[in-house]
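A.B. asks: The first sequence runs contiguously to residue 256 in the working numbering. Have a look at the structure that comes next, please.
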Amino acid sequence: MRKVLIPLFFNRPTLRVAKELLGKFLVRRIGDKKISGMITEVEAYVGPKDKASHASRLWRGSLASLRGRSGPRAARGRTERTKVMFGKLGYWYVYLIYGMYHCLNIVTEKENYPAAILIRSVENVKGPGRICRKFKIDKKYNEKPASRRMGLWIEDRGVKINPRNILRGKRIGVDYAGKWKDKPWRFFIKS
DNA sequence: GGAGTGATGACA
DNA sequence: GTCATCACTCCA
66 MRKVLIPLFF NRPTLRVAKE LLGKFLVRRI GDKKISGMIT EVEAYVGPKD
116 KASHASRLWR GSLASLRGRS GPRAARGRTE RTKVMFGKLG YWYVYLIYGM
166 YHCLNIVTEK ENYPAAILIR SVENVKGPGR ICRKFKIDKK YNEKPASRRM
216 GLWIEDRGVK INPRNILRGK RIGVDYAGKW KDKPWRFFIK S
């Protein structure tokens with residue numbers, strides 16, 4: 066059983082979609098070759114208040130911004146980079162981080178509401194940067210739909226993860242996010 | 001623990 | 001235009 070996930074799958078609460086992505090397969094076609102791997106770890110970034118999210122609106126007026134904080138973390142809601150998170154469901158959000166690595170996210174929930182899920186690990190590939198390196202994903206996929214036609218999609222191969230084997234914890238690398246840094250919005254399969 | 005790397009976005 | 005920053009990885 067192989068069913069490509071369609072936008073409707075992503076048009077639901079982000080935390081729910083995040084959990085259900087565990088056990089699905091990320092698939093990349095390059096010419097005649099296919100690379101695929103079961104998704105084993107994800108992180109949800111949900112809504113304009115989520116200070117850990119690139120699309121957070123809450124920096125305005127904060128101490129950090131008064132101190133002249135700049136850079137990507139100074140994002141103010143909808144910007145050139147983050148507009149994709151407000152856009153169509155089931156589209157990719159790909160960004161470059163630390164000048165070296167790409168991170169792959171899928172847009173969720175509903176239009177005009179910034180939410181996305183970071184694909185953090187697939188089987189045998191731990192870390193968002195390594196996934197994009199192995200699957201040859203870069204910004205060409207940003208703002209493109211997850212679809213077979215685009216050569217990068219997610220499919221259901223009938224694997225069922227026992228809920229008992231789904232663990233959750235704090236998101237990684239978001240220590241700047243105040244009370245939002247402790248939200249248990251990272252989901253992963255018990256190994 | 002520390003370096004590498006360049007796009008990003010606020011501010012001037 | 002300037003400048004600090006970063007949802008990471010590798011090597012020590």
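For every residue, glycine included, the Cβ atom is placed at its ideal position computed from N, Cα and C.
Rounded to whole angstroms, what's the CA-CA distance from Arg94 to Pro78? Just pull it up for me.
C.D. replies: To locate residue 94, count along the first sequence from 1; it is residue 29. To locate residue 78, count along the first sequence from 1; it is residue 13. If you take the alpha carbons of Arg94 and Pro78, they lie about 29 angstroms apart.
A.B. asks: May I have the straight-line CA-CA distance separating Gly192 from Arg185, to the nearest angstrom?
C.D. replies: Within the first sequence, residue 192 is the residue found at index 127, counting from 1. Within the first sequence, residue 185 is the residue found at index 120, counting from 1. For Gly192 and Arg185, the distance between alpha carbons rounds to 5 angstroms.
A.B. asks: What is the DSSP secondary structure of Tyr206, counted as helix, strand or coil?
C.D. replies: For the purposes of this step, residue 206 is taken as the residue at position 141 of the first sequence. Helix.
A.B. asks: Under 8 angstroms by Cβ, that's how I've got Arg236 and Trp250 pegged, so tell me the actual separation to the nearest angstrom.
C.D. replies: Position 171 of the first sequence, counted from the start, is the residue given in the question as residue 236. Position 185 of the first sequence, counted from the start, is the residue given in the question as residue 250. Yes, Arg236 and Trp250 are in contact; Cβ-Cβ is about 6 angstroms, under 8 angstroms.
A.B. asks: Tyr156: which of Lys209, Leu80 and Asp240 sits nearest, CA to CA?
C.D. replies: Mapped onto the first sequence, residue 156 falls at position 91. The residue with the shortest Cα to Cα distance from Tyr156 is Lys209.
A.B. asks: Let me know the secondary structure DSSP gives Val82 once reduced to three states.
C.D. replies: In the first sequence, counting from the first residue as 1, residue 82 sits at position 17. DSSP places Val82 in helix when its eight states are reduced to three.
A.B. asks: Ala181 bridges to which residues according to DSSP?
C.D. replies: Along the first sequence, one-based indexing puts residue 181 at 116. BP columns for Ala181 point to Tyr110 and Val172.
A.B. asks: Quick one: grab the DSSP three-state call for Phe200.
C.D. replies: In the first sequence, counting from the first residue as 1, residue 200 sits at position 135. Coil at Phe200, not helix or strand.
A.B. asks: Provide the residue(s) that pair with Val92 in DSSP beta bridges, ordered along the chain.
C.D. replies: To locate residue 92, count along the first sequence from 1; it is residue 27. Val92 is bridged to Ser101 and Trp218.
A.B. asks: Helix, strand or coil: how does DSSP classify Val149 here?
C.D. replies: If you number the first sequence from 1, residue 149 lands on position 84. Note: Val149 maps to helix in three-state DSSP.
A.B. asks: DSSP beta-bridge partners for Trp157?
C.D. replies: Position 92 of the first sequence, counting from 1, holds the residue named residue 157. Answer is Ile171.
A.B. asks: Where Gly223 and Arg67 are concerned, what is the direct C-alpha to C-alpha distance, given to the nearest angstrom?
C.D. replies: Working through the first sequence from its first residue, we reach residue 223 at position 158. Working through the first sequence from its first residue, we reach residue 67 at position 2. Straight-line Cα distance between these residues: approximately 7 angstroms.
A.B. asks: My output table needs one value for Leu70: the three-state DSSP class, helix, strand or coil.
C.D. replies: Counted from its first residue, the first sequence places residue 70 at position 5. Leu70 falls in the coil class under three-state DSSP.
A.B. asks: Expressed to the nearest angstrom, what Euclidean distance is found between the alpha-carbon atoms of Lys116 and Met150?
C.D. replies: Along the first sequence, one-based indexing puts residue 116 at 51. Along the first sequence, one-based indexing puts residue 150 at 85. Answer to the nearest angstrom: the Cα atoms are 14 angstroms apart.
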